[in-house]
Structure formats: structure tokens, C-alpha cells
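Written below as C-alpha cells is the structure these notes are about.
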Amino acid sequence: MARPMLLDVLHGILYSKGIRLGIPGGWGRLTVAMMGGHTDIVPFQCPQIHDHAMTVARVPARKYYWDVDLNLDTQLAVSQWYGFDMDSAYVDVYNYEVEALGAKMIYSDNAMPTVDSSDPLIKTPADLDRIGPLDASKGRIPMSIEWGKKLIKKLPGIPLRGNFTSHWSLICQAIGYQKAIRAVKRDKGYGKALFDWANDQVLFPYMQAYAKEGFKAGAGVDAWAAYPVVSFDIIDEWILPYAKSFSGRCKKELKMNVLAAAGAGDYCEEDPAKFDKATLFKCLDYTCETAGAKMAFIAMGRTQDWDMHWVVEYAYARGKNGKKVPIMTSLNGRYLRDSTPEEITRKVGEWIDLMGREGGLIFYVGSIPADTPPINVHTAIHAVHTLGKYPIAADLSAVKVEPPQFRPFDEWLNGRPEEDLILQARAWEPEREKVLA
Amino acid sequence: MSDKLEAIVKAIVEGQDDAAPRLVEEALAEGLPPLDILNKGVVAGITKTGELWKANEYFLPDVILAAEAFKAAMAPLEPKLKESGDNRSRNKFVIGVVAGDVHDLGKGLVIALLQSAGFEVIDLGINVPRTAFINAVNEHTPDILGLGAYMSTTMLEMKDIITELEAQGLRSSVKVMVGGVPTSQEFANQIGADAWGKDALMAMETALEIVGGRNG
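Just so you know, the sequences run in chain order P and Z. Heads up, the first sequence stops at 506 in the numbering used here, and the numbers go up one at a time, no gaps. Heads up, the second sequence stops at 401 in the numbering used here, and the numbers go up one at a time, no gaps.
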């Protein structure tokens, strides 16, 4: 079973205000860190792990991505096995809308559904008149709604929040990235038609379906809007204005608090020779704006090669009265997968030494690759919790971090509520059960 | 350099996929040698684009548009190159996205840059079965086999392809390069690939290094 959230958050708020009723749990630790302080340890937020959790639990993709209970319980079980400070779960959000609109998809035994970009949903501008509005009874849209409702039963206290693909990423999924780029850079009339289509024909009907089911909030992700996948002119001219306008419309017409374009401007430069402080600052401003929070939020970037002094400088530059804004720092998923436990521990120590001494630090991973060795994830969490004990040791290199102790997943799962569901799923055969799509 | 060739360079750099082929046709009509149009116009344009990308002055969208313009410019030029007896001995590069994976953005860019560097590229497409890679190596005897993947689940297929190349006795005859969002140098080392292409430009530079820095 998942751990309660709401009381923990309240505990964290009181703790931050100086009312100490013991040490808060994971959500409370996160809350305190988000308010710039610290509890007993640096917290580790649960990352996006849906395909990694599927791999760890050895459940078939063809069932996992269609079965709400299996999807949710597997993610929550794996996140608890690892010992992240707070539970979380994610849907394979980028596929739902285009899949429901009839896009050709690739389904496989071991990977999430993915759009077949060789045969895009929208091939010509005329398709925009033909495709839409989104029918919320199609594809896995009903599943996404059910998923959100079940999540709050498993994680009481979190807002009932609908997930969706923000405009730019939706357009990329529907027509392909190259064509989307050409539209917004070379054929602005078509670019506008695409954004209007995404806004009016797809996303607003989707939000209406969420609202009808009682959802009060929405979160739209936009990984295709990371930097340098898009340039700043595209973010400024298209992505942010549509995101803001959409949020305003959802608030006005549906009474929903919707954040769109999350992840737009995420600094994902891959070449260390091209790292640039001014660009990083601008990117962090974008992610701050789209996250609706004043912080240094890092998600998918090649952080292992960053100069983290820049992040600290940013955090102080955006803070007030000599205090920094909180930092959510992210271990790069590929780094986590490909590094040795010793390298991971060393990196965690460097970052805590530099960014965590005064509090206001949260660890995160943008997305854990499916094939990441579990020992590496256990190591990262164990290292954060060992080296991140407050007060932080003056000389972290003198703190011995023992290898993490953990039982194999199946042994740990034995007797837990999720066990039957996961074991039954392993025996599932696609011929016996119809999938929705 | 003639004004026309300079205009072709500019059109490629600015990603004008309508102007670039038109300018190439005009240059051909004016009697400029196809090989000059290729080297001093089209290739010079994509090379300049690569330099701008490397210097952090161009972003991926700019490179995408330039690659599209390059592709469009090559359409009227390629037949003329063949007619004019362009029989340079070029190194072969077989490329494809592995089975279960349909993302071809990176592949398209890599192909454009490889072609600009003079490689003869055989594109197997996306969602390519293992056997098709093996058959292509047998058929085309390429210098390099390029494997792409976008997802951490599908990239595992790359290891199986390399294993199959070994089983078929083909491994020593071809260099294997891997690339794509979830891949890394460490991953390339783990699966026994010869090289990793971090991005399209590096893939092209690495491919050139593998074949000794020259084509044609």
C-alpha cells in the first residue's frame, strides 16, 4: 500500500514554520526542501519509472500499458522497493491523444506503445479539418481518466490531476518533428493551424472529459520542447503563449488549474563543449515558469558533466535576501544506468557538498531507463540518504557509504498486496485477452 | 566562387528547401559542373551548418531545416552527377533503426551529413528486423553499419545484432556504430560496438575517422 501524503505535507509545512512534531515522512521532507529548508536527510523524489518498473517486475508490456491496476501497483511497488522518499507513478503520457485519434502505433512485448512516425496521423493541412475533435471514449483515454482516479485512491491527498501531452509535443507526435519545425519556421499559417488544432480539437476536449469526471487540475508535459530540440524563438513565439492561453481557458471555462508545457526549455545540451551558463540560466527560467514554482528544476539534461556551481549561482540569483531558491537536481538517466555504484556515490557526494549543505535540495532522475541495473538505483538512493544526513558532514569524503542492502524484488514482493496482480500478469497471454486499442 | 554557388550555400545554411533545388537547377542550366555545384555549393552549405551547430550558433531546428534543404538540393543534382561520370569510389554506410523502434529523426540527420561527407548511404529504414541488417551487410559489404534506437527498451536489440554478426562470421568485416537518445559511449563499449555517435555531426566525423578521413 502507498504511504499517506496529505498529513505528511502538512507536517512538512509545520516543520518549516518551526513547529516540530517529530521528523516528517518523505512528502514532508520534500515539502520542507521545497520551502528551502531541510529535515533529517536530503530527499529523493520518485522519478518517471514506468518502463523501468515494468522491466523490474517482469510484466508484459501488452498488458501493463492497458491495465490501470497493474500499471499503478507495479510502479508503486517498485518505487517502494527502491525506497524513494515519496511514491509516484506516471502514465506513458505522450501516446494517448494521437492513439485515440487513430494514429498508427507500434505495440511490442517489452516497450511502451509508440507512435509510428513513418506513417504520421497528419500528412497534409487538409487532415486538420478531418481529424478531431478528440472522442474521449476512444483508445486509452478512458484508461487515463481511470488511472488518475485510482492514483488518488492509492495516494490519498494528492490532487485529482489529468495528464496530457502539451501542444508542441502533441504536434510532433501527430505530424513528425521535422514537419513541425518546418511549419513553425517556414509556414507560420500552417504552424498556427496546427497549434489551434491541438488546442481546440484535441486538448480542450480532453480537459472537458477530465472535468466531467471531477478532475480539478491538469498537467501537460512537453519533452519535445526541451533545449536544443527547440530554439528559444519557438518557445517564446509558440509554446509558452499557447500554454498560457490554454491554462487561462481551462481555468475560466472548466474551473481547472492546468499547467501546460512542463519541461519546455529543459537544458538537454549533450555536448559539454557547448555548455553555456547564460543559456542554462535561460533554460532554468523556462522550466521554472512552466512548473509554476520558483526553483531550479533540472530534469533530463546531461548533468553529470555540468558545472554545478552554475546551478548554485542561479539558485542564489533567483532567490531573495541572500537565500537560494530550492534545487531539484537530477541524475541523468543514462548516467545512472551506465555508471558504476562507486561513480554514482561519488557524484552524489559532490552534489550534496556543493548544493545541499543549507537545505533546499531534492534529488531526482528525469526518467530511469528500462534496463538500468537495480543496484545502481538502490545505490543512488542509499548514497543520498547516507551522505545527505543533516548536518552534512564537513568532509564527505570521510563518510563511508556501504553497499546498499536490499532483497531481490520477488522476495521483497512476497506477501505484499501487489504480489498476486504482478504474478498473474507474468502468466498473461495476449491471445486470451483483448486490448483496447 | 560564383554568385550562384554562394547563393546555394546560403540557401542550404538558411534551410530554404524551396530555393535550394531551384538554385541548383539554375546553376546546372548555366553550365556549372555538377561536381562544383556539389562540393562548392551543397556540401559547403551543410558543412557550414555543421560548423554553426558546433559553435552553438545553430540549434537543432536550424540543422533540421538545413538538412531538408540539402536533401531537396540533391534531388536535381544526383542524376547529373551520375551523367557526368561521378564514379568516385565512396565508402558505404548501411544504416537503420532497430526492430520495435520507429523514430527516424536522428537517422535522417545522420544520413544528410554522411552524404555530405561523401558516403554512399544505404538506408534500411525504421523498425528493421535483425535479419535485414545481416542481409544488408552480406549484400552491400559496407565499411560501416549504423544502428539507431530511441528507446532504452529497443536499444538492447543492438547487442543481439552484433552477436548475430559474430555468429555469421561478419563482425570483422564491418565496423559497427550505434547512436540514438538512450545510447552512450559506455553502452557502445558494453555491447561491443566500434563507435558511438553522440549526435549527427559527431557520427559523421567518427565515420570519417573510421574510413581514414577520406571519401571519394
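We treat Cβ as the ideally placed atom computed from N, Cα and C, and that holds for glycine. The structure presented is a predicted model; accordingly, all values stated were derived computationally and were not measured.
Query: Pairwise C-alpha distance: Z:Asp-379 and P:Met-103; Result: 45 Å
Query: Inter-stretch contact at 8 Å, needing at least 3 Cβ pairs: the region 226-242 of chain P / the region 292-305 of chain P; Result: yes
Query: Any 3 or more C-beta pairs closer than 8 Å across the region 337-344 of chain P and the region 307-324 of chain P; Result: no
Query: Chain-ordered neighbours of P:Ile-250 on chain Z, where CB pairs are closer than 7 Å; Result: Pro-246, Ile-249 and Leu-250
Query: Residues from the region 339-364 of chain Z in contact with chain B, defined by Cβ distance under 7 Å; Result: Looking at the structure shown, chain B is missing, and the protein chains on hand are P and Z.
Query: Where P:Ala-329 falls: helix, strand or coil (DSSP); Result: strand
Query: Neighbour list for P:Val-298 in chain Z, Cβ cutoff strictly below 7 Å; Result: Leu-245
Query: P:Asp-407 at chain Z interface by Cβ criterion, 8 Å; Result: yes
Query: Boundaries of the alpha helix (DSSP H) in which P:Ser-399 is found, first to last residue; Result: No alpha helix (DSSP H) contains P:Ser-399, which is instead part of the beta strand (DSSP E) from 396-399.
Query: Contact check, P:Trp-96 vs P:Phe-478, beta carbons under 8 Å; Result: no
Query: Sufficient close CB pairs (3 or more, under 8 Å) joining the region 449-468 of chain P to the region 120-133 of chain P; Result: no
Query: 6 Å Cβ shell around Z:Glu-305 - same chain, five flanking residues per side excluded; Result: Arg-275 and Lys-277
Query: Top-ranked residue by Cα proximity to Z:Asn-312, from Z:Asp-202, Z:Ala-284 and Z:Val-322; Result: Z:Ala-284
Query: P:Arg-230 - containing alpha helix (DSSP H), residue span; Result: No alpha helix (DSSP H) contains P:Arg-230, which is instead part of the beta strand (DSSP E) from 230-234.
Query: For P:Leu-141, the first and last residue of its enclosing alpha helix (DSSP H); Result: 137-151
Query: Nearest-angstrom Cα separation, counted from P:Asn-390 out to P:Gly-418; Result: 27 Å
Query: Proximity of P:Ala-205 and P:Ala-278 at Cβ, strictly below 8 Å; Result: yes
Query: Best match in Z:Glu-324, Z:Ile-307, Z:Thr-338 and Z:Gly-270 for proximity to P:Thr-183 [C-alpha to C-alpha]; Result: Z:Thr-338
Query: Any chain Z beta carbon closer than 8 Å to P:Asn-179; Result: yes
Query: 8 Å Cβ cutoff met for P:Phe-113 and P:Asp-154; Result: yes
Query: Residue burial classification, P:Leu-75 (beta-carbon count within 10 angstroms, cutoff 16); Result: exposed
Query: Three or more C-beta pairs below 8 Å linking the region 261-281 of chain P and the region 218-226 of chain P; Result: no
Query: Residue range of the beta strand (DSSP E) that includes P:Phe-432; Result: 430-433
Query: Spatial distance of P:Asp-256 from P:Thr-193 (CA atoms); Result: 13 Å
Query: C-beta atoms of P:Met-212 and P:Ala-280 nearer than 8 Å; Result: no
Query: Below-8 Å beta-carbon distance, P:Ser-399 vs any chain Z residue; Result: no
Query: Those residues which DSSP pairs with P:Ile-200 across a bridge; Result: Note: P:Ile-200 sits in no beta bridge, so no partner.
Query: Residue range of the beta strand (DSSP E) that includes Z:Val-282; Result: 277-282
Query: Below-8 Å beta-carbon distance, P:Ala-280 vs any chain Z residue; Result: no
Query: Beta strand (DSSP E) segment containing P:Asp-256, residue limits; Result: No beta strand (DSSP E) contains P:Asp-256, which DSSP labels as neither H nor E.
Query: Selection from P:Gln-373, P:Tyr-383, P:Ala-172 and P:Phe-344 that minimises the alpha carbon distance to P:Cys-357; Result: P:Tyr-383
Query: Partners in chain P for Z:Phe-372, counting only beta-carbon separations shorter than 7 Å; Result: Asp-407
Query: Enclosing alpha helix (DSSP H) for P:Glu-419 [first to last residue]; Result: 410-420
Query: Proximal residues, the region 423-455 of chain P versus chain Z, C-beta separation under 7 Å; Result: Pro-438, Ala-439 and Asp-440
Query: Close-in-space but distant-in-sequence residues of the same chain around P:Asp-374 (CB under 6 Å, 5 per side omitted); Result: Pro-341
Query: Among Z:Lys-225, Z:Met-336 and Z:Asp-202, the one whose alpha carbon lies nearest that of Z:Ile-249; Result: Z:Asp-202
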